[in-house]
Amino acid sequence: MFRDIELPTFRVEVVLQDYLLRADLQPRGDLLGYLNDRNWHFIPFRNGELHALAVDRRVGAMPQELATVNKNWIAVLSVLNKDQAANLNLQITTRPAVFYFDHFAAQGQLHVAPDSPDEDLLDEMHNFFSVSDAVLFPIRPLAIPPTKEVPVLFINRTMIQAYHVLKKS
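At position 37 of the sequence shown the residue is numbered 1411 (the working numbering), and the sequence of numbers has no breaks.
As structure tokens, then:
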């Protein structure tokens, strides 16, 4: 019955706490819905390269035909292709914000409900939220930094150490 359904494959970059993975992801349905689906704890990525983030790393890029990642350890997942990002289903209302993680900060337009207060933008019903027109800034030395500018990234609420909304001056 569902054998003829073709799911899109996204070229993504995944920043974990200590690793960076560039690979293909074929979500089981809508990408944000898939990331927030509590039935899937591990996500398979294909045709990728895994890199250690530490500057004192003892290994280089590790090619991986299949890497299965615990999504609780994903800090951000970036969609690298602008055309693919343009076809994602995101909330219309955005708020400019900066998010601080262990190794980097991410700035962009958080897609959020229009009535969300600034101090409570990341509701606990979901772990992943979409940010468009994102820029990532390393805040400590990294062996391989994440891609600096990406059209859309998904941030994991549980990995964020702090955030603030950018006010218009």
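All C-beta atoms, glycine included, are put in the ideal place defined by N, C-alpha and C.
Coil, strand or helix - residue i by DSSP
i, result
"Asn1444", "strand"
"Ala1492", "Going by the sequence as given, residue 1492 is Asp instead of Ala. Of the three classes helix, strand and coil, the one that applies to Asp1492 here is helix, per DSSP."
"Gln1481", "strand"
"Phe1528", "strand"
"Asp1457", "helix"
"Met1533", "helix"
"Gly1407", "helix"
"His1425", "strand"
"Ala1435", "coil"
"Ile1379", "coil"
"Ile1417", "strand"
"Leu1399", "strand"
"Ala1487", "coil"
"Pro1512", "strand"
"His1538", "strand"
CA-to-CA distance, residue j to residue i, given in whole angstroms
i, j, result
"Asp1507", "Ala1426", "26 Å"
"Asn1461", "Arg1469", "20 Å"
"Trp1414", "Tyr1408", "8 Å"
"Leu1464", "Arg1514", "31 Å"
"His1500", "Val1486", "12 Å"
"Ala1517", "Ala1428", "6 Å"
"Gln1483", "His1538", "12 Å"
"Lys1445", "Asn1530", "9 Å"
"Leu1454", "Glu1423", "15 Å"
"Met1533", "Asp1457", "28 Å"
Buried/exposed call for residue i, threshold 16 Cβ in 10 Å
i, result
"Glu1387", "buried"
"Ile1448", "buried"
"Ile1466", "exposed"
"Met1375", "Low local confidence applies: a pLDDT of 47 at Met1375 is under 50, so the model's placement there is unreliable, with the coordinate-based value given in what follows. Per the 10 Å Cβ criterion, exposed."
"Phe1503", "buried"
"Phe1478", "buried"
"Ile1379", "exposed"
"Phe1384", "buried"
"Pro1382", "exposed"
"Asp1392", "exposed"
Cβ pair residue i, residue j closer than 8 Å
i, j, result
"Val1443", "Phe1419", "yes"
"Leu1510", "Lys1522", "yes"
"Asp1476", "Gln1535", "yes"
"Ala1435", "Ala1397", "no"
"Val1450", "Leu1527", "yes"
"Ala1459", "Pro1519", "no"
"Asn1421", "Glu1439", "yes"
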